[in-house]
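Enquirer: Quick one: the structure is below, and I'll ask about it shortly.
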Amino acid sequence: MDSQFLLGTGLSRTFGGIRAVAGVDVSIAPRDLLCVIGPNGAGKSSLVGLLSGAITPGSGELYLDGERMTGRPMHAFCRRGVVRKFQGTNTFLTMTVRDNLMVAGLGVAAYRATPMPDPDAVLEEVGLSGQACELASHLPHGARQWLEIGMAIMCQPALLLLDEPAAGLSAKDAQRLVRLIHRLRERCAVLAIEHDLDFVQSLACETWVMHRGEVVRRGSYAEIAADEEIRRIYLGRGATHAAH
Amino acid sequence: MSGKHAGCLRLWFSQPALGPRDVSPLLMWIAAVAAVVLVPLLAGPWLLAMVRDALVMGILALSYDLLWGRAGVLTLGHTTFLGLGAYGFAVMTVQFGQAPLTGVAVGVLCAAGVAAVIGYFLLFAGVRLHFFAIISLAVLIVAQQLAVSWQSVTGGDTGILGIPGLSFSVDGHAFDLSGPRTSWYTVAAILLAATGLIWLVCRSHYGKVLNAIATNEWRAKACGYHTPLHLLLVFVASAALAAVAGVLMAACSGVVAPDVFSPLLATEVILWVAIGGRGRIGGPVVAAVALTLLRQAVSSYSTDGWPLMLGGLFLACVLFMPNGLRLGGCVVVARRAGRAIRGRPPVQPVHRVGHAQEKR
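Shown next, in the form of structure tokens:
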């Protein structure tokens, strides 16, 4: 188990009587790539919140590189390499794109072995070179998604948590993102939450299915896709519509 | 590890190369230096003392601009620290007969200490925005009550009279900074130095970090910043600078009374920064100096007129120029007013839509 970067046992959290995350065991190795899917309200974002330190677990333990991190603040998680992209987007709106990246990189620069990445190179990587001096509030939603991914890269993650990274991206951009994630994976572990099953399929990685706060299946995407039970969870009992 | 942290600090405070955007602040600063040198040659002692007292208020505005304008911490009781500085200096020099330099140290440390304790308990507990503002107002009132009732030390309602001016001696050479000219140069030099220093800090990457924390603290936390600590540092630095203003006020005027803790002055500080433009460093200082001089001019005609005028000015500023008074803004407002008077529909400015708030 020493090879695991992140280890969580029995992670639970309730919000006003609702069990958002109910006893989830997580272990993520340094170069893992995995995807978490599940219907709305299954507890996916809460799980990312727990793993990134934004939410303190009600019960359960969390370790990073063998160090106990249960109940530690979010900035401590980031300094140890757990970097998060928020659902929707969350950037410094009053600042320029380049300043967003600079600020993202400076916070953890003292805690990394390698020097801070060059903001211009990261801008190139996420395709925002042309908008470097634009205010973040002037960017359309899709570009802000890229900006946040760029900010995450600036933090030199060891584990990158992506909460719905493809939301609002065109099919072409989503494929570009898939390629970027595969490139990032050479440097760090990636956990992505996604609703868009085409996106998950093209990531072709280990997939977890969450339902009512629990991880009900773990397996390759092909196995998950073939599972009748999963279909039933996703579509509901008296399936009238698909949940995306 | 420590060497690495030092390297990181150097990166945080490293200055970007001079660009076209730095020209106007630098020119303004040089013009201010020239004005500081020239004014004593032209003005009489009475006018000089009046402008000097206004410059002290400029230091106060500068400290508040750092706190509210840059780090986004709104307080309604910033004069707490002005008063602590003034009282610390006065009590030490008059009641305990210490040297002025000891008084300065006690005044500034006292304010910084109070700010550190209050800031630690509030900022680390996640108290922000109007909650923080209201508690700071309560602290101001506590300080005011203390100044009134602790008569043996603070002199009660009368306050403390006969405070000595600043003076110190190095190697037997005595420097007396209490004369009309020397006190002018002291105050002006401190104001210019503090303005320059804060400008440099805000220009470095650290200014961007503070900006980021003010804009979206949650996101800054997710980038690895211990945001309460940064806010606390700014709060203490701002309180210390406000205390310096308090010390200078006490030393220049020779008296300190409980009305330094007045909520009216605390509100005026907010107005100076709002009118001068939040986070623009020079703007609030100029606004503070100009409005203090204006207040003195108005008060000689009517004592009630000033709060009314100030309120009107503030309303106009919030309605028409929410980012503070500036030349370009004035032109736009005048044009719009002209159109409205002539009865033509105002031309709507084209905004690119940005969502004001985003979900966490």
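Line by line, the protein sequences are chains A and B. The first sequence lines up with residues 34 to 277 when you count with my numbering. The second sequence lines up with residues 619 to 978 when you count with my numbering. Yeah, the Cβ is synthetic: ideal placement off N, Cα and C, and Gly gets one too. Given the structure is predicted, the values throughout are model-derived calculations rather than measurements.
(1) Quick check: the Cα distance between Pro150(A) and Tyr738(B), rounded to an integer number of angstroms?
(2) Are the CB atoms of Trp179(A) and Val159(A) within a distance shorter than 8 Å?
(3) Among Ala689(B), Pro881(B) and Gly774(B), which one has its Cα closest to the Cα of Gly897(B)?
(4) With DSSP collapsed to three states, give me the class of Val873(B).
(5) How would you call Ala934(B), buried or exposed, if buried means at least 16 neighbouring beta carbons within 10 angstroms?
(6) May I ask you to report which of helix, strand or coil DSSP gives Tyr267(A)?
(7) Would you list the residues sitting across from Trp241(A) in a DSSP beta bridge?
(8) Would a check of beta-carbon distances place Val827(B) closer than 8 Å to chain A?
(9) At a CB-CB cut-off below 8 Å, which residues of chain A make contact with His623(B)?
(10) Within 10 Å of its beta-carbon, does Arg113(A) have 16 or more other beta-carbons around it, so buried, or fewer, so exposed?
(11) Can you check which of these residues, Ile257(A), Ile61(A) and Pro173(A), is closest to Gly99(A) by C-alpha distance?
(12) Taking only beta-carbon positions, decide if Leu629(B) is within less than 8 Å of chain A.
(13) Could you name the residues of the same chain whose beta carbon sits closer than 7 Å to that of Arg944(B), not counting the 5 residues immediately before and after it, in chain order?
(14) List the endpoints of the continuous alpha helix (DSSP H) containing His108(A).
(15) What are the start and end residues of the alpha helix (DSSP H) that includes Gly82(A)?
(16) Can you confirm whether the segment 718-733 of chain B touches the segment 663-670 of chain B when touching is taken to mean that 3 or more C-beta pairs between the two stretches lie within less than 8 Å?
(17) Can you tell me where the alpha helix (DSSP H) with Tyr824(B) in it begins and where it stops?
(18) Please state whether DSSP places Phe793(B) in a helix, a strand or coil.
(19) Using 10 angstroms around the beta-carbon of Glu835(B), count the other beta-carbons present and answer buried if the total reaches 16, otherwise exposed.
(20) DSSP on Ala275(A), reduced to helix/strand/coil?
(21) How about Gly701(B) and Val862(B): do their beta carbons lie closer than 8 Å?
(22) Which first and last residues belong to the alpha helix (DSSP H) in which Val878(B) is found?
(23) Output, in chain order, the set of chain B residues within a Cβ distance shorter than 8 Å of Gly140(A).
(24) What residues are listed by DSSP as bridge partners for Glu94(A)?
(25) State the beta-bridge partners of Lys839(B) as determined by DSSP.
(26) Closer than 7 Å, Cβ to any Cβ of chain B: which residues of the segment 241-268 of chain A, in chain order?
(27) Less than 8 Å between the CB atoms is what I'm expecting for Val115(A) and Leu210(A), so what's the real figure, rounded?
(28) Run the CB neighbour count on Thr921(B), radius 10 Å, all protein chains shown included, and call it buried at 16 or more, exposed below.
(29) Output needed for Gln762(B): all residues of its chain with C-beta closer than 8 Å, excluding positions within five of it in sequence on either side, in chain order.
(30) Which runs of the alpha helix (DSSP H) spanning at least 4 residues fall entirely within the segment 717-750 of chain B, listed in chain order?
(31) Report the start-end ranges of each beta strand (DSSP E) in the segment 166-228 of chain A that is 3 residues or longer and not cut off at the edges.
(32) Would you decide whether Asp132(A) is buried or exposed? Buried here means 16 or more other CB atoms lie within 10 Å of its CB.
(33) Quick check: what's the CA-CA separation for Ala53(A) versus Leu66(A)?
(34) By the 10 Å Cβ neighbour count, where 16 or more other Cβ atoms means buried, how is Asn941(B) classified, buried or exposed?
(35) Ala176(A) to Leu161(A), Cα distance in whole Å?
(36) Mind checking Val655(B): buried by the 16 CB within 10 Å criterion, or exposed?
Expert: In this structure, then:
(1) Counted from its first residue, the first sequence places residue 150(A) at position 117. Counted from its first residue, the second sequence places residue 738(B) at position 120. Rounded to the nearest whole angstrom, the C-alpha separation of Pro150(A) and Tyr738(B) is 34 Å.
(2) Residue mapping note: residue 159(A) aligns to position 126 of the first sequence, counting from 1. Residue mapping note: residue 179(A) aligns to position 146 of the first sequence, counting from 1. Closer than 8 Å, so yes.
(3) Here the question's residue 897(B) lines up with position 279 in the second sequence. When C-alpha distances from Gly897(B) are compared across Ala689(B), Pro881(B) and Gly774(B), the shortest belongs to Ala689(B).
(4) As a working note, residue 873(B) is residue 255 in the second sequence. Under the three-state reduction of DSSP, Val873(B) is assigned to coil, being neither helix nor strand.
(5) Reading the second sequence from its first residue, position 316 is the one you call residue 934(B). With fewer than 16 Cβ atoms within 10 Å of its Cβ, Ala934(B) is classed as exposed.
(6) Within the first sequence, numbered from 1, the residue matching residue 267(A) stands at position 234. In the structure shown, the three-state DSSP call for Tyr267(A) is helix.
(7) Taking the first residue of the first sequence as position 1, residue 241(A) is located at position 208. Answer by DSSP bridge pairing, in chain order: Val69(A) and Arg251(A).
(8) Here residue 827(B) corresponds to residue number 209 of the second sequence, with the count starting at 1. It does; some Cβ of chain A falls within 8 Å.
(9) Taking the second sequence and counting its residues from 1, one reaches residue 623(B) at position 5. Here the neighbours are Ala143.
(10) Along the first sequence, one-based indexing puts residue 113(A) at 80. So Arg113(A) ends up on the buried side.
(11) Counted from its first residue, the first sequence places residue 99(A) at position 66. Looking at Ile257(A), Ile61(A) and Pro173(A), the one whose alpha-carbon comes closest to that of Gly99(A) is Ile61(A).
(12) For the purposes of this step, residue 629(B) is taken as the residue at position 11 of the second sequence. For Leu629(B), the closest Cβ of chain A is nearer than 8 Å.
(13) The residue labelled residue 944(B) in the question sits at position 326 within the second sequence. Result list for Arg944(B): Gly895, in chain order.
(14) Indexing the first sequence from 1 puts residue 108(A) at position 75. Met107 to Arg112 is the extent of the alpha helix (DSSP H) around His108(A).
(15) Locating residue 82(A) in the first sequence gives position 49, counting from the first residue. Segment Lys77 to Ser85, the alpha helix (DSSP H) holding Gly82(A).
(16) The segment 663-670 of chain B is not in contact with the segment 718-733 of chain B.
(17) Here residue 824(B) is taken as the residue at index 206 of the second sequence, counted from 1. First-last of the alpha helix (DSSP H) with Tyr824(B): His823 to Thr833.
(18) Along the second sequence, one-based indexing puts residue 793(B) at 175. Of the three classes helix, strand and coil, the one that applies to Phe793(B) here is strand, per DSSP.
(19) Taking the first residue of the second sequence as position 1, residue 835(B) is located at position 217. Buried, by the Cβ-count rule.
(20) On the first sequence, position 242 is the one that residue 275(A) refers to. For Ala275(A), the predicted model reports a pLDDT of 44, less than 50, meaning its position is unreliable; a value from the coordinates is still stated below. DSSP places Ala275(A) in coil when its eight states are reduced to three.
(21) The count along the second sequence starts at 1 and reaches residue 701(B) at position 83. The count along the second sequence starts at 1 and reaches residue 862(B) at position 244. Going by C-beta atoms, Gly701(B) is not nearer than 8 Å to Val862(B).
(22) Indexing the second sequence from 1 puts residue 878(B) at position 260. Taken as a continuous stretch (DSSP letters only), Val878(B) belongs to no alpha helix (DSSP H), as it is neither H nor E.
(23) Along the first sequence, read from residue 1 onward, the residue named residue 140(A) stands at position 107. Here the neighbours are Val827, Ala838, Cys841, Gly842 and Tyr843.
(24) For the purposes of this step, residue 94(A) is taken as the residue at position 61 of the first sequence. Within the DSSP secondary-structure output, Glu94(A) pairs in a beta bridge with Thr42(A).
(25) As a position in the second sequence, residue 839(B) is number 221, starting the count at 1. Bridge partners of Lys839(B): none, in fact.
(26) Taking 7 Å as the Cβ-Cβ cut-off against chain B, none of the residues of the segment 241-268 of chain A qualify.
(27) Against the first sequence, residue 115(A) aligns to sequence position 82. Against the first sequence, residue 210(A) aligns to sequence position 177. About 20 Å separates the two Cβ atoms, so there is no contact after all.
(28) Start at 1 with the first residue of the second sequence, and residue 921(B) comes out as number 303. Exposed, because fewer than 16 other Cβ atoms sit within 10 Å of the Cβ of Thr921(B).
(29) Taking the second sequence and counting its residues from 1, the one referred to as residue 762(B) is at position 144. Excluding sequence neighbours, Gln762(B) sits near Gly701, Pro876, Phe879 and Ser880.
(30) Whole alpha helix (DSSP H) segments, 4+ residues: 718-741.
(31) Here the runs fully enclosed are 192-196 and 222-226.
(32) Walking along the first sequence from the start, residue 132(A) turns up at place 99. Sixteen is the threshold: when 16 or more other Cβ atoms of the shown chains lie within 10 Å of the Cβ of Asp132(A), as they do, the residue is buried.
(33) Here the question's residue 53(A) lines up with position 20 in the first sequence. Here the question's residue 66(A) lines up with position 33 in the first sequence. About 23 Å.
(34) Against the second sequence, residue 941(B) aligns to sequence position 323. Exposed.
(35) Looking up residue 176(A) in the first sequence gives position 143. Looking up residue 161(A) in the first sequence gives position 128. The alpha-carbon atoms of Ala176(A) and Leu161(A) are separated by roughly 8 Å.
(36) Within the second sequence, numbered from 1, the residue matching residue 655(B) stands at position 37. Answer is exposed; the Cβ neighbour count stays below 16.
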